[in-house]
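Respectively, the protein sequence lines represent chains A, B and C.
When we follow the numbering used here, the leftmost residue of the first sequence carries the number 1, and every step to the right adds one.
When we follow the numbering used here, the leftmost residue of the second sequence carries the number 1001, and every step to the right adds one.
When we follow the numbering used here, the leftmost residue of the third sequence carries the number 2001, and every step to the right adds one.
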Amino acid sequence: MEILERMFNVALIVATLRTTAPILLVALGGSFTTRAGIFNIGLEGQMLLGAFFAVIGTIFSGSPWIGLLCGVAAALALAFIFALLVVTFRANEVVVGLALNILAGGMTVSLLKAIFGTRGSIFGHGLVGLPVLRIPFAKEMGWFGQMISGYTPLVYVAFLAVPLFILFYKRTKLGLYIRVVGEKPEAAEALGISIAKIRYTASLLCGVFAGLAGAHLSLGYTTMFTENMSSGRGFMAVAILIFSAGDPKRILAGCLLFGFSDALSLRLQTFGVSSYLVLAVPYVVALAALFALSYRARPRIIQETLASMGRALSVKPPSAAEPPALAREP
Amino acid sequence: MNDRISALSGQALAIMIALALGAMVILAVSESPLHVLLTLLDGAFGNPERILGTLLQTTPILICGVAACISLRGGLFNIGIEGQLFMGGFAATWIGFSFEMPPVLHVMAGLGFAAFAGLAWVAIPAFFRARYQTNEVVSTILANYVAVLITSYLTINIFKRAGGAPDTPPILESAYLPQLFSFSRANWGLVIGLVLAIGAHFFFTRTARGYAVTEMGANPKFAEYGGIDIKKQTFFLMLASGAVGGLAGGIESLGVHHRFMEGFAPGFGFDGVIAALLANGNPLGTIVTALFFGALRSGSLLLEVDTTASREIITVIQALIILAVSAQILVRRRATDSSAGERRWKF
Amino acid sequence: MPRAIELRSITKRFGSFVANEGVNLAVKRGSIHAIIGENGAGKTTLMNVLFGLLQPDEGEILIDEKPVVLPNPAAAIANGIGMVHQHFKLVPSLTVADNVFLGMEILKGGLIDHAAQIARTAELSRQFGLKVDPTERVGLLSVGIEQRIEILKVLVRGARTIILDEPTAVLTPQESRDLFETLRGFVAKGMTVLFISHHLEEVMEVSDTVTVLRHGKEVATRPTAELTKSDLVQMMVGRLVSFDRRPRGPVSGSRVLAVDDLWARDDRGLHALHGVSFDVRAGEIVGIAGVAGNGQTELAEVLSGLRPSTHGSVRLGETPLTGLSARAIRGAGVAHVPGDRLVRGVDRNASVSLNLLMGRQDKAPWSRGGIINRGYLADQSKALIERFDIRTRSAAAPVKSLSGGNIQKVVLAREFSGDARCLLIDQPTRGVDIGATEAIHTEIMRQREAGRAILLISVQLDELIALADRILVMFAGRIMGDLDGGAVSEERLGFLMAGVDEHGHHVEREMAS
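Okay, structure coming up:
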């Protein structure tokens, strides 16, 4: 009982929200490209580059806010190259995405060495993180106040972005067009909506959020840059995007699942479970979710077929149209 | 033949553009590109020992490259070769230090188990790809992280040898993969790699199954119409690719390190995938691209000593080359084939 | 009466192929004008020219008696023309109102005003009698309602002349009647309707004027009231001049392919085959006639194992084929020339000889012990290229470097050179020039003489009349009639294709097929 109490308390919720934020930001970014019909495996690299340049910008300007802008700009540059190659040159999305990830990995380490003459990680050098926001009167609100107060700003941005994203896809022209381009490009073309323009816009918007996610990693979640510090969060985001189909609500649910498994596994560590196994938990959860949900996708297709049959049959009495027996179903 | 020449010259042009961009990056980290190039060349080919060092680096890239070619040829992306390499490396090491066997048998058992471990590691993503079209790019990438962490766990929490270093116990000498020359760790793995590459080329161009795989990659509807079982073939092709990836790990542990440790063979799996992509899925071409990447890696060791540049600058160059080539292939294809740009990746 | 639309001697060529040749068309304002003709007669091309999707090579377009140039659909829309395409372009996850207003959203404070869009859609829907629920998601709706949405899209953009391309091809009879009702309503409001069709019945029922196109030319334009159905068939089909019936001996072979009460669904899950039964004997060519989309493609796919059947049986000789994989059916002795040859029939980037190998790469002597016999493949490729007169640089040239007719010869060479007892041939000469067509016909006849059982699916009647011993006419997934290929009356064929059976009853299309 005592163990359970130590495991599940407000601190766990706080930890979950903290670990959810970075992956939520990058997954929300990825929803733009996913919904525009682009498979963007390059999120990981955009996030990593964003994290690195956020640190560089902060060290050289002294302001984490300028650092944040630098991180976003760097991720945007990578997103632009992605769009250029994938949309204009029609290169293979997987190849370009992977190459950009490798580019980001190599570039951050090389620049780290070139600028600071060191490897591994960088902290100090006047690096300051984003300030922690304390919500007034939070203290008086007890556990709830504890839960909602005391995060760095990008945590709030990540969670507040979810309803804005829902609004964006439902109520704005751009959001609508992104969905149309991804779902039915012929319809967009027929109405004179430029598919290329929309896909560029979606890629760049994606870059902004991947950059924010990176900046949050290096200036909010921690205050340092480490080689490959995105550590697969971009890929997990892609897994979430695959089974959420880019829907903000489902993205939030998926990210909370990872945040929770991450936070819970970090607690397991305090009980003496090997850190290697603990670190593997989020990846295993991502894989399990990916497989489980692709398995479930099948019955849905069958359901849709049945539904469309039902529609067709409702036009006239079913008896005449239906063969006596179904020997084999597709 | 003309098509071939124009394709190759296009590829060469793309590489030149990438190298020019790479030179700019090197300038950006305040080094002379020429100096870096000469250092790389010196480090890769400066003396016989360095040449063998290059071959040592080439071996795992080549084998992983062949593994990638196998999946690419059938239109599949096994990006999880890194993970299969780690699993295979650990599996072979385990056979190497846990059992006593006669020399040749011990090596074969180790490599066999390594291949099996790679195969087993890819089996679940392969099954879901074949049966439910689950995106294998993401599933195999995520599996990489798990493989690295699991092998680290096994190494450090279960099998850690006495003493400080985070290693497994060394393998018995009977499990050593023999070296090619007395003065270098370059070993028979290189020969195995060359045989695999040539074998894969033969398989794809001369055998009925290889033909079926190639057509599945080129036009799955045509293959299906011709009576090829796409699901079954997808599953087994991924398994084969994983087995070769596992074998690469086994060769690395039995031939080079003679033990398993954290950070066992970093990036070889990814380099293999890139080498295969650059060779357009052709196993013989992968020999050349793997040698190229092996030389870059080996040269970069000296780079770190002689210049202020980091050896990761070579991964930047590799990435630039892939980007340039991927754009260039499609420019050419678009000019001749209006169906280009057809996307496999849609969800 | 004023003319809403006038086309003057429109000519449109695609390479050497002339799709429209000097076509004149005058459409009176406030009338329903039908354009009728067989597949490939140039109806859709003509409408695409009018909607600005294609530019005519010669000729002139007048709208409201003023000459106009229509460089793109936007210009056509600006001139009050709207088009409802045969294939709908709706976004399934959006609501009806969102689809109607897509591209011209009503905004309030920068955000889409869904309420206003819904209200406006409901208002239009009432005004024109197009019953829809503006708040429903399109993905859940039937084809008939989807069509109403497409019409609403056109109306909301202010069209006064509406073009409908084969509007009833996907509709149930009830939905078709509703549509005609709507169209009459438009005309009553002073709008003009132009609709393309090859269904005689509905042209007779709904149109005021008919223009008949044949082989890209205008054959006649008459008030519908002055015409009978048989006049229309006569004008649509014309004299059969292109191909003469090939001389042949009598069919005496035993039964090879037996299809009994076969049912199957199409990609949408709707019944594409409604209890199809027939036999094909050795040395016999059985033709399947019918307007495209009446289940012929699905029939070929089911017989070749690429699509599952839901009921019924298929036998080859005594071997049951029902439920077998494509591979097993091939192995049992069925060869298949697919209708979509560039998608399924070949790997465009592979060489001619590798394309000739497909499907038998596992069989001796093509391969031995799993190794491809390259010498045999080279010899066979050379022999087949010669025998089928495939015009190619070499056997190593990629298939995409060949012309359409020669690509088809590659497919035929592969499928005919095996030991199959039964050949499924789908649209053998679609998009193939006259010379190659002659050669392909000769080859098919040669296969007949060799004693193979041949099922020939074609939308070209003259091809069937030239080749088939018997012609089965398909309509809405059913076989309407079994005609002797040597004594077929064009008129009868036309009626059966339009869904009118021997006794003059119109068979209803029970569901979209």
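No residue lacks a Cβ here, since even glycine has one placed at the ideal position from N, Cα and C.
Apart from the 5 residues on each side of it in sequence, glutamate 1224 of chain B sits with its Cβ closer than 7 Å to the Cβ of Ile1230 in its chain, given in chain order. Judged by DSSP secondary structure, proline 1169 of chain B falls outside any beta strand (DSSP E); it is assigned neither H nor E.
Less than 8 Å separates the beta-carbon of leucine 100 of chain A from that of isoleucine 81 of chain A. Looking from the CA of isoleucine 2163 of chain C, the closest CA among C:Ser2031, C:Val2410 and C:Asp2261 belongs to C:Ser2031. Taking CB atoms only, serine 2381 of chain C has no neighbour in chain B less than 8 Å away. Bounds of any alpha helix (DSSP H) do not take in asparagine 2024 of chain C; it lies within the beta strand (DSSP E) bounded by 2017–2028. Counting along the chain, no alpha helix (DSSP H) covers methionine 2480 of chain C; the unbroken beta strand (DSSP E) around it starts and ends at 2478–2484. Cα atoms of tryptophan 143 of chain A and glycine 2269 of chain C: separation of roughly 54 Å, rounded to the nearest angstrom. Within the model, the alpha-carbon separation for phenylalanine 271 of chain A versus valine 155 of chain A is close to 28 Å. Bounds of any beta strand (DSSP E) do not take in lysine 170 of chain A; it lies within the alpha helix (DSSP H) bounded by 153–171. Below the 7 Å Cβ cutoff, chain B contributes Arg1206, Thr1207, Ala1208 and Tyr1211 as neighbours of isoleucine 2372 of chain C, in chain order. When the beta-carbon positions are compared, glutamate 2301 of chain C and alanine 2453 of chain C stay at least 8 Å from each other. Along the region 2209–2291 of chain C, the beta strand (DSSP E) occurs as fully enclosed runs of 3 or more residues at 2209–2214, 2217–2223, 2255–2265, 2271–2281 and 2284–2289, listed in sequence order. In the DSSP assignment, valine 2084 of chain C is bridged to C:Leu2164. Looking at the backbone, the Cα of valine 2193 of chain C and that of glycine 2275 of chain C are separated by about 37 Å. Residue-level contact check: glycine 2359 of chain C touches chain B, since one or more beta carbons of chain B fall below 8 Å from its beta carbon. Note on geometry: alpha-carbon atoms of methionine 2235 of chain C and leucine 2200 of chain C lie some 12 Å from one another.
For serine 2197 of chain C, no CB of chain B lies under 8 Å from its own CB, so it is not counted at the interface with that chain.
For aspartate 2462 of chain C and glycine 2485 of chain C, the gap between their C-alpha atoms comes out near 11 Å. Taking phenylalanine 1235 of chain B as the centre and dropping the five residues before and after it, the same chain places the C-beta of Ala1126, Phe1127 and Ala1130 closer than 7 Å to its C-beta, in chain order.
Under a criterion of Cβ atoms nearer than 7 Å, the residues of chain B adjacent to asparagine 2349 of chain C are, in order, Ala1218.
Under DSSP, the beta-bridge partners assigned to glutamate 2060 of chain C are C:Arg2008. Per DSSP, glycine 2312 of chain C is one residue of the beta strand (DSSP E) stretching across 2309–2316.
If you look at histidine 2336 of chain C, you'll find it in the beta strand (DSSP E) that goes 2334–2337. Chain B places a beta carbon closer than 8 Å to that of phenylalanine 235 of chain A, counting this residue as a contact.
Contact of threonine 1315 of chain B with chain A is assigned, a C-beta pair being separated by under 8 Å. Counting other Cβ atoms within 10 Å of its Cβ, aspartate 2419 of chain C stays below 16 and is therefore classed as exposed. Taking a 10 Å sphere around the C-beta of leucine 167 of chain A, we find fewer than 16 other C-beta atoms and assign the residue as exposed.
Annotation: glutamate 2181 of chain C has no Cβ neighbours in chain A at a cutoff of 7 Å; minimum Cβ distance is about 17 Å. A distance below 8 Å between beta-carbons, with the five flanking residues on each side excluded, links valine 278 of chain A to the following residues of its chain, in chain order: Ser265, Leu266, Leu268 and Gln269. Rounded to the nearest whole angstrom, the C-alpha separation of leucine 1323 of chain B and alanine 1014 of chain B is 9 Å.
If you draw a straight line from the Cα of valine 157 of chain A to the Cα of leucine 252 of chain A, it is about 13 Å long. Under the three-state reduction of DSSP output, aspartate 2340 of chain C falls in the coil class, being neither helix nor strand.
Contact check for asparagine 2355 of chain C against aspartate 2347 of chain C passes: the beta carbons are separated by less than 8 Å. By the neighbour-count definition (other C-beta atoms within 10 Å, threshold 16), valine 1305 of chain B is an exposed residue. At a beta-carbon threshold of 7 Å, the residues of chain B lying near methionine 107 of chain A are Val1316, ordered along the chain.
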